[in-house]
Amino acid sequence: MSAFQNEARKPVLVLYPAEKFGETALASIRLIPTATSLFNISKLNMQRNNIRALNRAADATPMYNSSILEDMVLEENSKFVSSTFHEWKELGEALILLKVWARQRSSIYSHDCVSGYLLSTILAYLATVSGKNRVSKSMNTIQICRHTLDFIGIHWF
1 MSAFQNEARK PVLVLYPAEK FGETALASIR LIPTATSLFN ISKLNMQRNN
51 IRALNRAADA TPMYNSSILE DMVLEENSKF VSSTFHEWKE LGEALILLKV
101 WARQRSSIYS HDCVSGYLLS TILAYLATVS GKNRVSKSMN TIQICRHTLD
151 FIGIHWF
């Protein structure tokens, strides 16, 4: 057992081969459960409260809502990221640099901080029309990193 993005509420089943080839296993299979149509997406709005407690105010629960929404669209997002990164060498190199940047700040090890998955999703988003094509194929690796860090600095909440 493992956890998706180091979040204990998101279990991942890791399978290793029955026979070991040397000191360590050569490969593993990670089974990540998803809930594609379990909840109504409109109820996962950032301003809504989806955790009820007795005798407490109904404050919004954006982190909880985002976590559930992430589980619902995980497979779809993975396909989107994969298709965006396909045959775009500079985008992949920029992702590696951004992961190093996050690791140097110890931001990549906690479940509620930036992760490699989140960085790849941000990069893919910035390369789309809805991301205003802030990242384009004419940019080099460093330019892509700078634009991504600018975006994170302005839009991080």
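Each residue of the sequence shown is one higher than the one before, counting from 1 in UniProt numbering.
Think of the CB as a built atom: it goes at the ideal place given N, C-alpha and C, for glycine as much as any other residue.
- Contiguous beta strand (DSSP E) elements confined to the stretch 15–80 occur at 29–31, taking only those with 3 or more residues.
- If you draw a straight line from the Cα of A102 to the Cα of L91, it comes to about 16 Å.
- Taking the C-beta atoms as reference points, T34 is found nearer than 7 Å to L74.
- Under the DSSP definition of a beta bridge, L13 partners with L31.
- Contact between the stretch 79–91 and the stretch 48–64 is absent: fewer than three C-beta pairs spanning the two stretches fall below 8 Å.
- Boundaries of the alpha helix (DSSP H) harbouring E90: K89 to Q104, taken from the DSSP string.
- Where G153 is concerned, the enclosing alpha helix (DSSP H) starts and stops at T141 to H155.
- For R48, same chain residues with a beta-carbon under 8 Å away, outside a window of 5 residues either side, are A60, T61 and N65 in chain order.
- Between M72 and S120, the alpha-carbon positions lie close to 18 Å from each other.
- For L123, the closest alpha carbon among the candidates V81, I29 and R105 is that of V81.
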